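Comments concern the structure below.
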Amino acid sequence: MNTTTQATPAAPENYLSINNIEVIYDHVILVLKGVSLTVPKGKIVALLGANGAGKSTTLKAISNLLHAERGDVTKGSVEFKGTRVDQLTPNELVKRGVIQVMEGRHCFAHLSIEENLLTGAYTRGNSRAELKQNLEMVYHYFPRLKTRRTSQAGYTSGGEQQMCAIGRALMAKPEMILLDEPSMGLAPQIVEEIFEIVKDLNSRENVSFLLAEQNTMVALRYADLGYILENGRVVMEGDAKELASNEDVKEFYLGLSSAGRKSFKDVKHYRRRKRWLS
Amino acid sequence: MQFFFEVLIGGLLSGVMYSFVALGFVMIYKASGVFNFAQGAMVFFAALTFVGFQEMGAPFWLALILAFGAMVLLGIATERIVLRPLVNQPHITLFMATIGLTFFVEGLAQGIWGSTVRGLDLGIQDEPIEWIMDKAGILVSSFDLFAAGVAAALVTLLALFFQYTRVGRALRAVADDHQAALSIGIPLQNIWRIVWAVAGFVALVAGLLWGARNGVQFALTFTALKALPVLILGGFTSVPGAIVGGLIIGSTEKLAEVYLGGYVGGGIDSWFPYVMALAFLLIRPEGLFGEKHIDRV
């Protein structure tokens, strides 16, 4: 692999690591062709790439939601804090502190916002007082949810639903959140608001994040590290700031080049392959 | 006018009996999105098992507990053997599976306990209550009143369970979105087992009441089909809907029979509810209390 930015941070504790996983859907469709990545404790790691690159699949391979979609991890391993977690059920994984916020929010439409949040604490079996305390913590980060607490989630705005989904995950008191495409379908202003909160949660509650995003520019601004996936492979990895200033990334994902702004569709696919995969 | 009220009250109270069966459908549909066609067979199975244990000499309470145990086992086995291998299959597949299950459960019940018609005595007289007759001149059966009381208690219990408990909330969450429920660590299989157990319990209560009224016999499974118009009226996802739907179906079918039956030769209470359901589908397909499909545009 000929990556231009060789980021080797001072190797902090390897918290979550994925080692060379291969994922096959329906026994025939090969989606991930050996993906390896690590998330250091307390960091925000961005997983970037175009549609169909395998971002969501990578997250689901970690959270073990693949089975429900007839996907299988056929090679490689996933380790969290030194133990293999690839054979655990999502329930066991949530209890160990890894939880996924799915793409497209997936709030429980007929439950109120507060009930949605409460279901997030299911695995913990908290007492009433603890639940109340957790709720207050979530409302502290998402004051907007507090004002909508009794509304049916299905009738709230996209931004509020995204906040609800993240808040619901927080109720499980996770150490690590796998956040899939938080910016999907949201106004830029709301996207900023949500990323600010993610950053806040990261620094104050010490939650690590692995977030899959198509919105490369915003993601790299808030992340510490980044990986770029293409066609089921990691084609680039490194420090988020370095990635953001990398010429290829700029050209392919941000539409910026030395010749000024440029549409993504003008960037020929074969050229990208040649430069990265040769 | 007195006669009208008598028919109305009789209809309402018998409607409660339909509600019981409908409740079982609602439970399973709410939590797993499966339309469990076998609910009627479960009612039959439950009643037959209860009577069977009684015939073996078990006292009332023991028979009740044993029959409940059998229903829980049946529910768990169904979840494990029929539904779990079919997770994520299209709805129609699951529906077909429950039709198959219907015939299996009916056969199983008769295979174990035999197919003769049995009486079931709950120790409650099916007679008019005298003081109501003296005061208002209306005949009200004490058995019907008892059934209504049980229904009220059961519905309150279920509503509280769904609304305020951790497991109840999880059940509703699973009903809304399996995937999301899975992603936040709700163990779907445990939830489904609980649902089937609760549905089994509801089937047992329905089976006892119907059995005591009409005798424990195969025809119970047909009576249970009356739950379908009840569900269409009340909404497939609503516990109160099942009750109100049952009341409406019960009272209108009796009133229709009495006041309209004469013109068409009688016996219309067997099909009138279905016509009502059909009309209702055209006007309000989600039912009176059903959850509206929330679509974001």
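First to last, the sequence lines map onto chains A and B.
So that you can map any letter, position 238 of the first sequence is 237 in numbering that gives the first Met the number 0, and since no number is skipped, the others follow by simple counting.
So that you can map any letter, position 108 of the second sequence is 107 in numbering that gives the first Met the number 0, and since no number is skipped, the others follow by simple counting.
Virtual Cβ for every residue (Gly too), placed ideally from N, Cα, C.
Since this is a predicted model, take the numbers as computed values, not measurements.
Beta-carbon proximity check, residue i vs residue j, cutoff 7 Å
i       : j       : result
W112(B) : L47(B)  : yes
A76(B)  : A226(B) : no
N63(A)  : P186(B) : no
G240(B) : G286(B) : yes
I128(B) : V139(B) : yes
A30(B)  : A174(B) : yes
F194(A) : M162(A) : no
V194(B) : I27(B)  : yes
V274(B) : A150(B) : no
G70(A)  : V22(A)  : yes
L58(A)  : Q99(A)  : yes
P228(B) : P272(B) : yes
V44(A)  : L200(A) : no
T164(B) : G39(B)  : no
A299(B) : I231(B) : Lying outside 0 to 296, the shown extent of chain B, residue 299(B) is not represented and no answer is given.
F107(A) : D176(B) : yes
G53(A)  : L177(A) : no
V34(A)  : I20(A)  : yes
D143(B) : L12(B)  : yes
S111(A) : Q86(A)  : no
Pick from the options that is closest to residue i, judged by C-alpha positions
i       : options                               : result
L208(B) : S141(B), G264(B), I248(B) and G234(B) : S141(B)
N205(A) : P173(A), V233(A), I61(A) and G231(A)  : P173(A)
T155(A) : R104(A), L58(A), E212(A) and I17(A)   : R104(A)
T37(A)  : Y221(A), S207(A) and K240(A)          : S207(A)
E5(B)   : Y258(B), F49(B) and A276(B)           : Y258(B)
N214(A) : R123(A), Y252(A), I61(A) and S55(A)   : Y252(A)
D133(B) : S18(B), Q1(B) and V116(B)             : Q1(B)
Y221(A) : A211(A), E229(A) and S55(A)           : A211(A)
G51(B)  : L170(B), L230(B), G233(B) and F67(B)  : F67(B)
R123(A) : V93(A), V77(A) and I227(A)            : V93(A)
L100(B) : F200(B), G56(B), G261(B) and F34(B)   : F34(B)
P187(A) : G157(A), S202(A), E250(A) and K42(A)  : G157(A)
L280(B) : F36(B), F235(B) and V154(B)           : F235(B)
Through-space distance from residue j to residue i, alpha-carbon basis
i       : j       : result
Y269(A) : A49(A)  : Below a pLDDT of 50, predicted positions are generally treated as unreliable, and Y269(A), at 46, falls in that range; the measurement from the model is reported next regardless. So the two alpha carbons sit approximately 15 Å from each other.
G244(B) : I28(A)  : 48 Å
S250(B) : V72(A)  : 57 Å
L121(B) : V97(A)  : 53 Å
L185(A) : L63(B)  : 55 Å
F24(B)  : I190(B) : 16 Å
N18(A)  : Q162(B) : 43 Å
M170(A) : T97(B)  : 36 Å
G231(A) : L46(A)  : 12 Å
E290(B) : A243(A) : 47 Å
E113(A) : R148(A) : 5 Å
A10(A)  : K40(A)  : The predicted position of A10(A) is uncertain, since its pLDDT is 45 and thus under 50; a value taken from the coordinates is nonetheless stated next. Near 11 Å, if we compare the C-alpha coordinates of K40(A) and A10(A).
G214(B) : E126(B) : 16 Å
G75(A)  : H26(A)  : 16 Å
M183(A) : S126(A) : 35 Å
F103(B) : A218(B) : 16 Å
Q53(B)  : G265(B) : 38 Å
V166(B) : V84(A)  : 26 Å
G210(B) : A223(B) : 12 Å
G9(B)   : V197(B) : 28 Å
I183(B) : S202(A) : 23 Å
L130(A) : G166(A) : 13 Å
Strand pairing of residue i, partner residues [DSSP]
i       : result
L29(A)  : I23(A)
Y226(A) : L46(A) and E236(A)
Q99(A)  : L177(A)
Q151(A) : S111(A)
I17(A)  : L36(A) and V77(A)
T82(A)  : F79(A)
L117(B) : Note on residue identity: the sequence assigns Arg, not Leu, to residue 117(B). In DSSP, R117(B) forms a bridge with V215(B).
S140(B) : P127(B)
Per-residue contacts from residue i into chain E (C-beta, under 8 Å)
i      : result
E78(B) : In summary, chain E is missing from the structure at hand, where the protein chains are A and B.
Boundaries (first-last residue) of the alpha helix (DSSP H) holding residue i
i       : result
Y258(B) : V238 to Y258
G167(B) : R165 to D175
M216(A) : T215 to Y221
F36(B)  : Run containing F36(B): none; DSSP gives neither H nor E here.
A211(A) : Not the alpha helix (DSSP H): A211(A) falls in the beta strand (DSSP E), residues S207 to E212.
M95(B)  : H90 to W112
L224(B) : Careful: L224(B) lies outside any alpha helix (DSSP H) and carries neither H nor E.
S62(A)  : K54 to S62
Terminal residues of the beta strand (DSSP E) in which residue i lies
i       : result
D238(A) : R232 to D238
S76(A)  : G70 to F79
Check: residue i C-beta below 6 Å from any heavy atom of the ligand GDP
i       : result
F102(B) : For the ligand GDP, the structure offers nothing, since it holds no ligand at all.
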